[in-house]
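Residues in the sequence shown are numbered from 4 upward in steps of one, following the working numbering. Positions of the beta carbon are idealized from the N, C-alpha and C atoms, including for glycine. Structure, as structure tokens:
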Amino acid sequence: MRIRGVVYDTGVELLPGRPSRPDFDPDQVRRDLRTIRTELGANAVRLIGRDPARLRTAGTLAAEAGLAVWVSPGLIDVTPAAARAHLAVCAQDAERLRAEGADVVLVAGWEATLFLRGIVAGATAAQRVATLTSPRRLVASTLRHGPFPWALNRHLRRAAATARAHFAGPVTYAALDFETVDWTPFDLVGVDHYRAGQSRPEWAGRIAGWRRPDRPVVLTEMGCATYAGAAQRGATAWTVVDRDADPPRLREPVTRDEAGQAEEVGALLDAAEAAGVEGAFVFSYAAFSYPHRPEPELDLDAAGYGLVAVLPDGRVRRKAAFAAVARRFGGS
Numbered sequence: 004m005r006i007r008g009v010v011y012d013t014g015v016e017l018l019p020g021r022p023s024r025p026d027f028d029p030d031q032v033r034r035d036l037r038t039i040r041t042e043l044g045a046n047a048v049r050l051i052g053r054d055p056a057r058l059r060t061a062g063t064l065a066a067e068a069g070l071a072v073w074v075s076p077g078l079i080d081v082t083p084a085a086a087r088a089h090l091a092v093c094a095q096d097a098e099r100l101r102a103e104g105a106d107v108v109l110v111a112g113w114e115a116t117l118f119l120r121g122i123v124a125g126a127t128a129a130q131r132v133a134t135l136t137s138p139r140r141l142v143a144s145t146l147r148h149g150p151f152p153w154a155l156n157r158h159l160r161r162a163a164a165t166a167r168a169h170f171a172g173p174v175t176y177a178a179l180d181f182e183t184v185d186w187t188p189f190d191l192v193g194v195d196h197y198r199a200g201q202s203r204p205e206w207a208g209r210i211a212g213w214r215r216p217d218r219p220v221v222l223t224e225m226g227c228a229t230y231a232g233a234a235q236r237g238a239t240a241w242t243v244v245d246r247d248a249d250p251p252r253l254r255e256p257v258t259r260d261e262a263g264q265a266e267e268v269g270a271l272l273d274a275a276e277a278a279g280v281e282g283a284f285v286f287s288y289a290a291f292s293y294p295h296r297p298e299p300e301l302d303l304d305a306a307g308y309g310l311v312a313v314l315p316d317g318r319v320r321r322k323a324a325f326a327a328v329a330r331r332f333g334g335s
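Written out as structure tokens, the structure reads:
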């Protein structure tokens, strides 16, 4: 694969009032990005985040580390119009970084059907999932918003135009693997592709459906959480965490399985390369709000997708998956 990437979280808010990264230390970010480049062997990093200042800082540090920078701004539970206004600010920052000589790709949104209000009915991501999985609710949503592929692509056309008004480099979108995207406004096909109840051959087989003769396919996210059986839950494996408990804990007993995570991530990278994708981004370097603790019920890192475990004092420990990725990316 030409693009060997890792997703790096600068801070998002998937749940209201619960940031994924409360603290952001530029010195730590610099160390992390150097590790991603030199020891993991990645040549690209996808920076996800909601704060333009954090994205600017991380983008500069990633370029200094020798990484291609995929800037991926995202707000959760806002309207498409608000998301595009936020994108415009971040696109200007991305263009300044590109003009300084960095290799920059702008990701003009991600998983919009799930994360934005107004494409399907629902004020929160959980409510939108309920809409998508209930025929009755989906019919009501369609009557209000139009068919969701139509509403999604209307937003994406506008998002691509917003991005290009401020940014002269390549533009893509990180799609859910069930979203029907018109890729005409974009330079690359980008899909967040997790396994969930599929066999690995079935997972790899879906990639063929995204190929275009004039646009390379990049898996903008793929990965696995760190407990036995997590591979079969794919992108929803993290939902075993009960954030309402004090302190947060796992809501069901799971068995920590670093070897299983490593085997799954490695096998998916191998399958993606065999399927001929241009690149893949492993999710993620670290799950900063999922600390690794010795008590099994408090070990949130078991539900995290990080290649490193974040300890309660902020230090990190490499997991078996780090070595599995480094072997494939050519890290030290």
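Indicate whether residue i and residue j have their beta-carbon atoms separated by less than 7 Å.
i      : j      : result
Leu49  : Val10  : Here residue 49 is Arg; the residue named in the question, Leu, does not match the sequence. It is a contact, given that the beta carbons lie within the stated cut-off.
Ala323 : Ala228 : no
Thr134 : Ala124 : yes
Ala47  : Gly20  : no
Ala86  : Leu119 : yes
Leu303 : Phe325 : no
Ala94  : Ala177 : no
Ala162 : Arg198 : no
Gly52  : Thr13  : yes
Ala91  : Phe170 : no
Arg236 : Asp245 : no
Val107 : Gly172 : yes
Leu117 : Arg131 : yes
Ser292 : Ser75  : no
Ala327 : Ala265 : yes
Ala105 : Ala68  : no
Gly226 : Val285 : yes
Val174 : Ala111 : yes
Gly44  : Gly334 : yes
His196 : Pro83  : no
Leu18  : Glu114 : no
Val192 : Trp186 : yes
His295 : Ala283 : no
Leu64  : Leu36  : yes
For the beta strand (DSSP E) that residue i lies in, which residues bound it at each end?
i      : result
Thr223 : 220 to 225
Trp186 : It is not in any beta strand (DSSP E) - Trp186 carries neither H nor E in the DSSP assignment.
Leu141 : Segment 138 to 148 is the alpha helix (DSSP H) holding Leu141; no beta strand (DSSP E) there.
Ala342 : Summary: the structure shown does not reach residue 342, with the chain confined to residues 4 through 335, and so no result is reported for it.
Leu179 : 174 to 179
Any idea which residues DSSP pairs residue i with across the strands?
i      : result
Tyr288 : Partner(s): none; Tyr288 has no beta bridge.
Tyr11  : Leu50
Asp245 : Arg252
Val194 : Ala178, Leu222
Tyr230 : Arg259
Leu18  : Arg21
Val319 : Val313
Arg215 : Arg218
Gly279 : Answer is none; Gly279 lacks a bridge partner.
Under the three-state reduction of DSSP, which class applies to residue i: helix, strand or coil?
i      : result
Ser202 : coil
Leu64  : helix
Ile122 : coil
Ile6   : strand
Val110 : strand
Thr239 : helix
Val32  : helix
Val81  : coil
Ala270 : helix
Ala265 : helix
Ala45  : coil
Asp26  : coil
His295 : coil
Asp96  : helix
Ala105 : coil
With 16 other CB atoms within 10 Å as the buried threshold, where does residue i fall?
i      : result
Thr183 : exposed
Leu314 : exposed
Phe151 : buried
Ser202 : exposed
Val220 : buried
Glu267 : buried
Phe181 : exposed
Pro297 : exposed
Thr242 : exposed
Arg59  : buried
Asp30  : exposed
Asp260 : buried
Ala211 : exposed
Glu255 : exposed
Determine the extent of the alpha helix (DSSP H) in which residue i is found, giving its start and end residues.
i      : result
Trp73  : First-last for Trp73: 71 to 76, but that is the beta strand (DSSP E), not the alpha helix (DSSP H).
Arg331 : 323 to 332
Pro353 : One cannot answer for residue 353 here, as it falls past the ends of the chain, which runs 4 to 335.
Arg209 : Unbroken run through Arg209: none, as it is neither H nor E.
Ala133 : 128 to 135
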